[in-house]
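Working notes for the structure below.
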Amino acid sequence: MATVLIVDDEVQILRALQINLTARGYSTVTALTGNDALERAAQHPVDVIILDLGLPDLDGVEVIRRLRRWNDVPIVVLSARHGSDDKIQALDAGADDYVTKPFGMDELLARLRAALRRGSSGDVPVIETEGFTVDLPAKQVTRRGVPVRLTPTEWNILELLVRNSGALVTHEEILRQVWGPAYAEETGYLRVYLAQLRRKLEADPANPRHLLTEAGLGYRFRE
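Pasting the structure below:
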């Protein structure tokens with residue numbers, strides 16, 4: 031049974047999440063403030079955290095930063111803040127995913143499952159989609175059993191997205207990790223390489239199902 035720490039100062043939302051998660055077999059711990067969240071995380075081993083940013087004492091981004099000093103538990107932000115700057119700050123601080131309010135429970139649960147999968151495995155050796163398979167140890171992609179030839183850069187981008195399956199990976203993070211810090215603003219590179227990856231891997235590159243664009247933010251891999 032996975033344990034979820036729910037952090038939200040809106041009691042109705044907190045209770046609704048607790049009821050829905052408990053009904054689906056999760057164990058829950060709750061907190062209404064940032065300091066309470068840090069204390070609960072220290073006292074109770076949890077598998078994933080759902081965190082609101084608008085807390086009464088500490089900003090949620092600061093809570094993420096403090097947690098990341100000693101804890102690598104997956105964090106799914108659940109916030110009414112829709113601005114891209116807020117999302118980028120939370121993700122750069124160490125959040126794994128970002129869901130905006132109002133939200134659909136089915137979507138939140140899917141994001142939660144994806145975060146738990148990432149948190150429970152030190153490596154994800156093989157990812158299979160309906161159209162292609164990514165073998166991380168072998169550094170190989172196949173479609174219907176036939177190897178797909180990728181350039182080193184295409185592979186590095188795909189590997190980064192696959193290892194963060196389900197989570198948003200920002201433009202800056204991809205550029206820094208694949209090309210280096212000097213290229214952090216060169217988003218044009220990403221558009222070119224993602225288009226190439228989609229042509230090689232997606233059944234319909236114009237309407238991708240697995241290599242998704244989050245406008246103005248980055249990209250997300252969906253199994």
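Residue numbers (our numbering): 31 to 253. Glycine included, each C-beta is placed from N, C-alpha and C at the ideal position. Since the structure is predicted, the reported quantities are computational estimates derived from the model, not experimental observations.
Out of curiosity, what's the CA-to-CA distance linking residue i and residue j?
i: T200; j: P86; result: 28 Å
i: D82; j: T63; result: 9 Å
i: R143; j: W209; result: 30 Å
i: N50; j: V106; result: 16 Å
i: D66; j: G113; result: 26 Å
i: G124; j: V91; result: 9 Å
i: E69; j: V93; result: 11 Å
i: V176; j: L231; result: 12 Å
i: T172; j: D39; result: 47 Å
i: A72; j: R147; result: 22 Å
i: D115; j: A53; result: 34 Å
i: G218; j: L44; result: 41 Å
i: K131; j: R221; result: 29 Å
i: P104; j: L139; result: 14 Å
i: N194; j: A120; result: 16 Å
i: I80; j: V59; result: 10 Å
i: A214; j: G55; result: 42 Å
i: V41; j: R141; result: 22 Å
i: L174; j: A46; result: The question names Leu, yet the displayed sequence has Arg at residue 174. Rounded to whole angstroms, R174 to A46 spans 43 Å at the Cα level.
i: I157; j: A168; result: 12 Å
i: L88; j: R95; result: 11 Å
i: A236; j: E202; result: 24 Å
i: E244; j: L108; result: 17 Å
i: V178; j: Q207; result: 23 Å
i: Q48; j: L180; result: 44 Å
i: K117; j: A225; result: 24 Å
Are the CB atoms of residue j and residue i within a distance shorter than 8 Å?
i: Y249; j: L191; result: yes
i: G134; j: A110; result: no
i: D127; j: A61; result: no
i: L242; j: R252; result: yes
i: L166; j: P182; result: no
i: L188; j: L247; result: no
i: G161; j: A212; result: no
i: T159; j: H240; result: yes
Using DSSP's beta-bridge definition, name the partner residues of residue i.
i: V107; result: L81 and Y128
i: P177; result: T172
i: S57; result: T33
i: T52; result: Per DSSP, none; premise fails for T52.
i: L242; result: R250
Does residue i have its Cβ less than 8 Å from a Cβ in chain C?
i: K131; result: As a matter of chain content, chain C is missing from the structure shown, which is built from one protein chain.
Should residue i be counted as a contact of the ligand GTP given a C-beta to heavy atom distance under 7 Å?
i: G113; result: The model on display carries no ligand, and the ligand GTP is accordingly not part of it.
Exercise. Report the residue ranges of all alpha helix (DSSP H) runs contained in full by the stretch 125-169; include only those spanning at least 4 residues, in chain order.
Key: With a minimum length of 4 residues, the continuous alpha helix (DSSP H) runs that stay inside the stretch 125-169 are 135-150.
Quiz item: Does the stretch 34-49 come close enough to the stretch 72-80 that 3 or more CB-CB pairs lie under 8 Å?
Solution: Contact holds: three or more Cβ-Cβ distances are below 8 Å.
Quiz item: For the stretch 185-232, which segments carrying the alpha helix (DSSP H) assignment without a break, of at least 4 residues, lie completely within its bounds, in sequence order?
Solution: The stretch 185-232 contains these whole alpha helix (DSSP H) runs: 201-208 and 217-231.
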